[in-house]
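Down below is the structure, laid out as structure tokens.
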Amino acid sequence: MRVGSVTQRMKLLFLKDILLSQTDMEHGMTMAEIIEALASMGVKAERKSIYTDMELLRNYGIKIETVKTNTVRYYVEERDFELAELKMLVDAVQSSRFTTPRKTDKLIKKIASLAGVYQADRLNRQLIIPDRAKTINESIFYNIDAIHEAIHRKRKISFKYFDYNTKKRRIYRKGGELYCETPLTLCWNDDEYYLIAYNSKHEKIVHYRVDRMSDVIVCEEKGMKLSKKEFNLKEYTKKHFGMFGGELVSAALRFDKSLVNVVLDKFGKDIVIMDNEDTFDIHVEVSNSPVFLSWIFQFRGLAKIVAPKELQRDMLEIIEKNINNYK
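Note that the sequence shown ends on residue 1339 in the working numbering; no numbers are left out.
Okay, here's the thing in structure tokens:
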């Protein structure tokens, strides 16, 4: 089949692309402009055939509307994503620490392309590039692909795990020895991407930062299958991430009333609040980890550990160590 005839048979697809990318409610195209745009792609079209094609696209679900000024203009009224939704996606990509600057730029361009040229221009004008830390591991998306494949195929993965030294060079743990784990799921927590896996050697569930993994390979060895009782994602993340990173204890906490929003954001709206005159109390499960104690410490006296005594002792120890640093 000749190239020209193939291009001609793709007219409907080219028309769809033109309308989606070059029109919106404020920017319609005349029939003459549509014919010219198709011609630039090597497609010859007459008005009658375009009317037929537009009706096919409408039946397909694309909302093609018309507006009459001095002539009739055609435009796509709705897209899969509204501009505000695309802005949210862009903001999420920008704020993500595990995407490299280069990958961030590529993803934002792909998201913006969903808006059409005119709305994409508006979207780009609204962008604020935050000055925040980004990962320097360019292989992170290849890692994610390999992990997903292994989970789908129920296979183990092998990889190396590393930290950075002060010269920003990788220092591999266990001397560069390969880890071999059963991947269970990927978890995005506190702006970091984690692999949660089962370690057969130590018979326990573990987690790794995906951006600190390298040389990820899907193995032919079958992975371990865990029941819901053996692995509960919600309970695992609650216990091992953020300020719950340790053995859970029941704590009584007291806060100034100015911190109600902060407390609800952290512990959820299901907690029971006991109202006092200027403060309020809650009872929650936390850990006596440095992360939790630092979270309390940041409120400069507006938050207090009422119980248990062991948490109070650990808080005093952190305060004393900080005081000693400035003597």
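Quick reminder that beta carbons are idealized off the backbone N, C-alpha and C, glycines included. All values reported here derive from a predicted model rather than from experimental measurement.
Using a Cβ distance threshold of 7 Å, Ile-1123 and Leu-1098 count as a contacting pair. Less than 7 Å separates the beta-carbon of Tyr-1210 from that of Ile-1217. No Cβ-Cβ contact shorter than 7 Å links Thr-1194 with Met-1225. Straight-line measurement puts the Cα of Asn-1244 at about 21 Å from the Cα of Cys-1192.
Per DSSP, reduced to three states, the secondary structure at Pro-1195 is strand. By DSSP's assignment, Met-1327 forms no beta bridge with any residue.
Residue environment analysis places Gln-1131 among the buried positions, since at least 16 neighbouring C-beta atoms fall within 10 angstroms of its C-beta. The shortest C-alpha to C-alpha distance from Tyr-1087 to any of Asp-1036, His-1164, Lys-1321 and Lys-1028 is the one to Asp-1036. Distance from the CA atom of Asn-1177 to the CA atom of Tyr-1220, rounded to whole angstroms, is 18 Å.
Nearest neighbour of Glu-1233 by Cα position, chosen from Arg-1165, Leu-1190 and Gln-1020, turns out to be Arg-1165.
By the 16-neighbour rule on beta-carbons within 10 angstroms, Ser-1299 is buried. Rounded to the nearest angstrom, the gap between the Cα atoms of Glu-1204 and Ser-1107 is 11 Å.
Lys-1281 counts as exposed, since fewer than 16 other C-beta atoms from the protein chains shown sit within 10 angstroms of its C-beta. Taking the C-beta atoms as reference points, Val-1222 is found nearer than 7 Å to Asn-1155.
Here Leu-1260 is not near Ile-1294, since their CB atoms are 7 Å or more apart. Within the model, the alpha-carbon separation for Thr-1081 versus Lys-1278 is close to 54 Å. Following the DSSP letters along the chain, one finds Ile-1074 in no beta strand (DSSP E), marked with neither H nor E. For the options Ser-1125, Ala-1104, Lys-1339 and Leu-1126, the alpha carbon positioned closest to that of Thr-1116 is the one of Ala-1104. When the five nearest sequence neighbours on each side are left out, the beta carbons in the same chain lying within less than 7 Å of the beta carbon of Phe-1174 are those of Arg-1182, Ile-1183, Tyr-1184, Arg-1185, Arg-1224 and Ser-1226, in order along the chain. Residue pairing of Asn-1273 in beta bridges, as defined by DSSP: absent, with no partner found. Beta-bridge annotation (DSSP): Thr-1042 is paired with Arg-1085. With contacts defined as CB atoms closer than 7 Å, Phe-1267 and Phe-1292 qualify as a contacting pair. For Tyr-1338, the secondary structure class from DSSP, reduced to helix, strand or coil, is coil.
The DSSP assignment places complete beta strand (DSSP E) segments of no fewer than 3 residues inside the segment 1176-1246 at 1182-1184, 1191-1201, 1204-1211, 1216-1221 and 1225-1234, in order along the chain. Just so you know, the alpha carbons of Thr-1042 and Glu-1077 end up roughly 12 Å apart. Contact check for Val-1102 against Gly-1040 fails: the beta carbons are separated by 7 Å or more. The closest CA to that of Val-1228, considering only Gly-1188, Leu-1314 and Val-1303, is found on Gly-1188. Here the alpha carbon of Leu-1238 sits roughly 12 Å from the alpha carbon of Ile-1208. CA-to-CA, the gap between Val-1284 and Leu-1271 works out to about 15 Å.
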